[in-house]
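Asks:
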Amino acid sequence: MIGLVLVSHSARLAEGLAELAGQMAPDVRILPAGGLADGTLGTDFDAVSAAVDRAESGDGVALLYDLGSAKMTAELAVEMLGDPSRAVVVDAPFVEGAVAAAVAAQGGGDLDTVSRAAVAAGAVAPDAATGTETGTEFTLTNDVGLHARPAALLARTVAELDAEVTVRFGEKQANAASVLALMGLGAHGGDTVSVSATGPDAAEAVRRVDDLVARGFDE
Amino acid sequence: MGCDAAGVIAAIRSAAAVVDAHRDELVNLDREIGDADHGENLKRGFTAVVSKLDAAGDTPGAVLKVVASTLISTVGGAAGPLYGTAFLRAAAKLGTAVAVTPGSVVDALEAALEGVVARGKAEPGDKTMVDALTPAVAAARAAPGSVADVLRAAADAADQGARDTVPLVARKGRASYLGERSAGHMDPGARSTALLLRAFAEAAS
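Keeping their order, the protein sequence lines are chains X and D.
Using UniProt numbering, the letters of the first sequence map in sequence onto residues 1 to 219.
Using UniProt numbering, the letters of the second sequence map in sequence onto residues 1 to 205.
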């Protein structure tokens, strides 16, 4: 299983994000590497390197970062590994990307899949006016609606497909690849959401969402 | 200086002394367009470097590799990975040679520049250390003569390159957040690059 290292200038930011992402991916090794050893803000190369070692379980490690020099520290840690192909620094939004990467890793994705999931989490939801679109409406039958676990399940389901999937609830819309955006819709049990998709696998994406909703997200 | 490991160690000690002497200047430059930590961060890094020099190795490349890993681990901010990468790539270029030559110094400077550009994604004109290092490499490449001559040409060009950052608007790093307000100040990274090259040149003379 792919491991994750969260490189931040702030220890608390890295730890909080590891906690958040870990809740949706209980089996993934998610290591925070934030702040300097003396507790001040900064990125610590030795801490990042040590975290990469501990996150590695044999399949590879994805590193996410918050700001510019955290990226450089992460890249340097990868460059100085014995085998740089075992780890990759992903250009993705820190919070969204880490959650999406964790969900993809939990689903058994390889390093490339996990990286792409993180990058896709930053993509803007497609404009409804463009592209051939397919979609439908669903009433959520599970109690909690699109809360963390169902949102993660939904994101993982569409991440496997070549389709841009948008979920709308009331005035809000979310890219279905983004767990946090889905949660941010605030859709609860009994609420009706609309799901639309574009791309080659659009119809299959809608069919799978339909299936997930019908199963009550396996709750 | 000699061109062997002992000579390189002496040059690094000189650089550490120069960084110490210019700590406040670099802090003040960085206060104007950054977060005021460049001087203190570099001083901390080079103080740590000096404590490791006695056991740093018996080739110039080995010494520079110790400098690189120590700076990476102690400087922090963007300067840590950038200077770390510069010394690391220079060390790799020198390999296991027991002494530096004018040609190998130029090659090492060029490798350092390539590393900094790859790591920081900055181009000339972005108001970064690349604006000092790029002309330094070109001048070193064009300079005939000894190791000292090559380094002096590099230091002169880096001084000019650092001065030339004053009117620029930053496009990389913390200063870029200031936009137009970053103009009118010398870039602290370009200044520290020029200071280091001057220290190496004087140690070699």
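All residues carry an ideal CB built from backbone N, CA and C; glycine is no exception.
As the structure is a prediction and not an experimental result, all values here were calculated from the model.
May I ask you to report which of helix, strand or coil DSSP gives residue 132 of chain D?
Replies: Here residue 132 of chain D sits in helix by DSSP.
Asks: Taking the alpha carbon of residue 70 of chain X as the point to measure from, which residue in X/92, X/151, X/59 has its own alpha carbon closest?
Replies: Taking only the C-alpha atoms, the option nearest residue 70 of chain X is X/92.
Asks: Per DSSP, which one or two residues make a beta bridge with residue 172 of chain D?
Replies: Answer is none; residue 172 of chain D lacks a bridge partner.
Asks: Residue 76 of chain X touches chain D at which residues, Cβ-Cβ below 9 Å?
Replies: What residue 76 of chain X touches in chain D: 72, 80, 81, 84, 85, 88, 119.
Asks: Just to check my reading of the structure: residue 56 of chain D and residue 50 of chain D have Cβ atoms closer than 8 Å, yes? What is that Cβ distance to the nearest angstrom?
Replies: No, residue 56 of chain D and residue 50 of chain D are not in contact; Cβ-Cβ is about 10 Å, not under 8 Å.
Asks: Please confirm if the segment 4-24 of chain X is in contact with the segment 83-101 of chain X, defined as three or more CB-CB distances below 8 Å between the two stretches.
Replies: Short answer: they touch.
Asks: Flag this pair as yes or no: are the beta carbons of residue 131 of chain D and residue 85 of chain D separated by less than 8 Å?
Replies: Result no, Cβ atoms of residue 131 of chain D and residue 85 of chain D do not sit closer than 8 Å.
Asks: For residue 55 of chain X versus residue 5 of chain X, is the C-beta distance shorter than 8 Å?
Replies: Going by C-beta atoms, residue 55 of chain X is nearer than 8 Å to residue 5 of chain X.
Asks: Pull up the CB-CB distance for residue 153 of chain D and residue 140 of chain D, whole angstroms please, since I reckon it's below 8 Å.
Replies: Rounded, the Cβ-Cβ distance is 6 Å, consistent with contact.
Asks: How far does the beta strand (DSSP E) with residue 64 of chain X in it reach, from first residue to last?
Replies: Here the beta strand (DSSP E) through residue 64 of chain X covers 61-65.
Asks: How far does the beta strand (DSSP E) with residue 138 of chain X in it reach, from first residue to last?
Replies: Residue 138 of chain X -> beta strand (DSSP E) spans 134-139.
Asks: Closer than 8 Å between beta carbons: that is the criterion. Which residues of the segment 52-67 of chain D meet it against chain X?
Replies: Listed in sequence order: no entries.
Asks: If distances are taken between C-alpha atoms only, which option among D/134, D/121, D/125 comes closest to residue 107 of chain D?
Replies: Looking at the Cα atoms, D/134 is the closest of the given residues.
Asks: By Cβ distance, which residues of its chain are closer than 6 Å to residue 169 of chain X, with the 5 residues on each side in sequence left out?
Replies: The residues are 185, 187, 193.
Asks: Measuring alpha carbon to alpha carbon, tell me which residue in X/183, X/23, X/162 is nearest residue 201 of chain X.
Replies: Of the candidates X/183, X/23, X/162, the one whose C-alpha sits nearest the C-alpha of residue 201 of chain X is X/162.
Asks: Between residue 85 of chain X and chain D, is the shortest Cβ-Cβ distance under 8 Å, so that the two count as touching?
Replies: No, because no Cβ of chain D sits closer than 8 Å to the Cβ of residue 85 of chain X.
Asks: Apart from the five residues on each side of it in sequence, which residues of its chain come closer than 6 Å, Cβ to Cβ, to residue 174 of chain X?
Replies: For residue 174 of chain X, where only same-chain residues beyond five positions count, the Cβ hits under 6 Å are 167, 181, 182, 185.
Asks: Distance, Cα to Cα, residue 21 of chain X vs residue 156 of chain D?
Replies: Distance between the alpha carbons of residue 21 of chain X and residue 156 of chain D: 51 Å.
Asks: Quick one: which unbroken alpha helix (DSSP H) runs of 4-plus residues sit fully inside the UniProt domain "PTS EIIA type-4" (1-126) of chain X? Chain order, please.
Replies: You should have 11-24, 45-55, 68-79, 94-106, 111-120.
Asks: Taking the alpha-carbon of residue 82 of chain X as reference, which of X/150, X/110, X/109, X/53 has the nearest alpha-carbon?
Replies: Nearest of X/150, X/110, X/109, X/53 to residue 82 of chain X, Cα basis: X/53.
Asks: Out of curiosity, what's the CA-to-CA distance linking residue 230 of chain X and residue 217 of chain X?
Replies: Because residue 230 of chain X is not part of the residues shown, which for chain X are 1 to 219, the question remains open.
Asks: Apart from the five residues on each side of it in sequence, which residues of its chain come closer than 8 Å, Cβ to Cβ, to residue 38 of chain D?
Replies: Hits under 8 Å: 26, 27, 29, 30, 77, 79, 188, 189, 192.
Asks: Quick check for students: name the residue ranges of the alpha helix (DSSP H) that lie wholly in the segment 4-47 of chain D, counting only runs of 4 or more.
Replies: Qualifying alpha helix (DSSP H) stretches, in chain order: 5-21, 23-33.
Asks: Could you give the C-beta distance for residue 71 of chain D and residue 95 of chain D, rounded to a whole number, given that I count them as a contact under 8 Å?
Replies: Residue 71 of chain D to residue 95 of chain D, Cβ: 20 Å. No contact.
Asks: In terms of residues, what are the limits of the alpha helix (DSSP H) holding residue 69 of chain D?
Replies: Start and end: 60-74.
Asks: Taking DSSP as the reference, what is the three-state secondary structure of residue 144 of chain X?
Replies: Of the three classes helix, strand and coil, the one that applies to residue 144 of chain X here is coil, per DSSP.
Asks: Counting only beta-carbon atoms, is residue 8 of chain X nearer than 8 Å to chain D?
Replies: It does not; no Cβ of chain D falls within 8 Å.
Asks: With a threshold of 8 Å between beta carbons, is residue 194 of chain X in contact with chain D?
Replies: No, residue 194 of chain X lies away from the interface with chain D (no Cβ there is under 8 Å from its Cβ).
Asks: Report yes or no: is there a C-beta of chain D within less than 8 Å of the C-beta of residue 130 of chain X?
Replies: Residue placement at residue 130 of chain X is flagged as unreliable, the pLDDT there being 48, under the threshold of 50; a coordinate-derived value is accordingly withheld.
Asks: Please go through the UniProt domain "HPr" (133-219) of chain X and give each complete beta strand (DSSP E) segment of 3 or more residues, from N-terminal end onward.
Replies: Fully enclosed beta strand (DSSP E) runs of 3 or longer: 134-139, 164-169, 172-175, 192-198.
Asks: Are the CB atoms of residue 177 of chain X and residue 117 of chain X nearer to each other than 8 Å?
Replies: Yes; because the gap between Cβ atoms is below 8 Å, this pair is in contact.
Asks: By a C-beta neighbour count over all protein chains shown, 10 Å radius and 16 as the cutoff for buried, is residue 198 of chain D buried or exposed?
Replies: Burial call: buried.
Asks: Should residue 198 of chain X go down as buried or exposed, given a rule of 16 or more other Cβ atoms within 10 Å for buried?
Replies: Buried, by the Cβ-count rule.
Asks: May I ask you to list, following chain order, the residues of the segment 172-196 of chain D that have a beta carbon less than 9 Å from some beta carbon of chain X?
Replies: Result list: 172, 173, 174.
Asks: In whole angstroms, what is the alpha-carbon distance linking residue 78 of chain X and residue 49 of chain X?
Replies: Each residue's alpha carbon lies about 8 Å from the other.
Asks: Taking Cβ-Cβ distances shorter than 8 Å, what residues in chain X pair up with residue 45 of chain D?
Replies: Under the 8 Å cutoff, chain X gives no residues; its nearest Cβ is about 11 Å from residue 45 of chain D.
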